[in-house]
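Protein chains in written order, with the numbering used here: chain A, 13 to 170; chain B, 2 to 256.
Next up, the structure:
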């Protein structure tokens, strides 16, 4: 079925079976491979994207369900030359090791800012990360990165 | 996932017609149970009828009931069900933040997973399950594992929870799935108590002995292990013990 999707500011028309997941359209049809498939069972959050600004697991959403919405993936946040403050914070705080979970973690960080603002405590971030798994870091630097990234977003907004 | 015909009706009548259009059909609400089931081919519908366009979301208070639309997402119940803080807290503990951004009240209640959270609230809060065909009382609605009073193709439109004086939900959640190994919802309707247990048995059920004991100020009863679930997560004796522990935690947390 033909679907019209708004992804990172561009309108994309794709022709895919109805049974296509949003993450499959992103990765396989459009080549936006920054969004990862980790568990494929709604647990790990590696496939997090923003749909109308709200974080969702794109492995548990049909692409058809995202028609008419504004979709933002990790590719839509910043550029290699000018990272989004949340991405820069992950780099500065060494909030990753292998990097597989990182796109989903960055999106989760933005979701935490959406819900709780830019002044975060490590305890709150750790709690709100319950839908994201990392098998490398032990989470400490991820939590530090999100706290710092949120603060940096406030500075940029101001 | 096997392919299917996707229908996106704009009215309840069109949704019911699409459902009845031939082959195995399923309604899609938030999809956070159905889509995983379809990915693992536990469900292989020929037609999927998306309820997102029916305008069934929202929270309104009418007298002594809080009505919540069937496609209201868990995150919105957590933020908006302020008239029943215990229900809002329950919604805030389902799954994880991203799951709560998509999963819906109606989907959970229609599915009636024996370890789901919402059925406990619906039963303890004496809910009315309103559909495109009429109304069901919660006491008759939940009929055991994945079984409800819904007829084939019947659509939940909204659910009306009786507003208690105080209520609370306590669950021992499985650390990976976040479903309730055992969950107990306690509601105080001015001295009349309702206690509903999820996760422990083949379906949500009221704990009449606990209701009577709380009302009379007697010591809380022990849950018999007979007929409780046994699976890789917990045996019946452990679940029976958890029922008492969760009952005590819920009573201590009444809001």
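Using N, Cα and C, we set each Cβ at its ideal position, and we do this for glycine too.
Cβ atoms of residue 76 of chain A and residue 63 of chain A stay farther apart than 8 Å, at about 13 Å. Taking 7 Å as the Cβ-Cβ cut-off, the region 135-158 of chain B has no residue approaching chain A.
Assignment of residue 233 of chain B by DSSP, reduced to helix, strand and coil, places it in the coil class. Residue burial is scored here from C-beta neighbours: residue 78 of chain B has at least 16 other C-beta atoms within 10 angstroms and is therefore classed as buried. Annotation for residue 8 of chain B: the continuous beta strand (DSSP E) segment containing it runs 6-8. The three-state secondary structure of residue 180 of chain B, taken from DSSP, is coil. At the C-beta level, residue 100 of chain B and residue 143 of chain A come within 8 Å of one another. Residue range 114-128 is occupied by the alpha helix (DSSP H) that includes residue 114 of chain A.
For a Cβ distance threshold of 8 Å, residue set 30, 31 of chain A lies close to residue 5 of chain B, ordered along the chain. Under the 10 Å beta carbon count, residue 168 of chain A is surrounded by fewer than 16 other beta carbons and is classified as exposed. The beta-carbon distance between residue 58 of chain A and residue 110 of chain A, rounded to whole angstroms, is 11 Å. This is too long to meet the 8 Å contact definition.
Close CB contacts of residue 166 of chain A within its chain, under the 6 Å cut and outside five residues either way in sequence, are with 130 (chain order). For residue 166 of chain A, there are no neighbours in chain B by C-beta distance under 9 Å, as the nearest C-beta there is about 21 Å away. Listed along chain A are 53, 54, 72, each with a C-beta nearer than 8 Å to that of residue 37 of chain B. In the same chain as residue 112 of chain B, and ignoring 5 residues on each side of it, the C-beta atoms closer than 6 Å to its own belong to 34, in chain order. For the options B:160, B:154, B:189, B:156, the alpha carbon positioned closest to that of residue 169 of chain B is the one of B:189.
In the structure shown, residue 60 of chain A falls within a strand segment according to DSSP collapsed to helix, strand and coil. A Cβ-Cβ contact shorter than 8 Å links residue 5 of chain B with residue 47 of chain B. One alpha carbon belongs to residue 92 of chain A, the other to residue 100 of chain A, and they sit about 10 Å apart. Within chain A, no residue has its CB atom less than 7 Å from the CB of residue 77 of chain B, the nearest being about 11 Å off. Using beta-carbon distances, residue 93 of chain B does not count as an interface residue toward chain A, since no partner is under 8 Å.
Under the DSSP assignment, residue 87 of chain B falls in the alpha helix (DSSP H) whose first and last residues are 86-93.
Annotation: residue 160 of chain A to residue 103 of chain A spans about 11 Å, alpha carbon to alpha carbon. Per the coordinates, the alpha-carbon of residue 72 of chain B lies some 34 Å from the alpha-carbon of residue 147 of chain A. Near chain A, meaning a CB-to-CB distance below 8 Å, the residues of the region 89-119 of chain B are 96, 97, 98, 99, 100, 102, 103. For residue 82 of chain B, the three-state secondary structure derived from DSSP is coil.
Excluding its 5 nearest sequence neighbours in each direction, residue 31 of chain A has C-beta neighbours in its own chain below 8 Å: 74, listed in chain order. When the beta-carbon positions are compared, residue 213 of chain B and residue 221 of chain B stay at least 8 Å from each other.
Here residue 72 of chain A carries a helix assignment [DSSP, helix/strand/coil]. Where residue 83 of chain A is concerned, there is no enclosing alpha helix (DSSP H), although the beta strand (DSSP E) around it starts and stops at 82-84.
Within the region 94-174 of chain B, the complete beta strand (DSSP E) segments at least 3 residues long are 129-132, 136-138, 157-163, 167-174, listed from N- to C-terminus.
In this structure, residue 158 of chain A lies away from residue 85 of chain A, with their beta-carbon atoms at least 8 Å apart. When DSSP reads this structure, residue 68 of chain B sits in a beta bridge with B:61, B:161.
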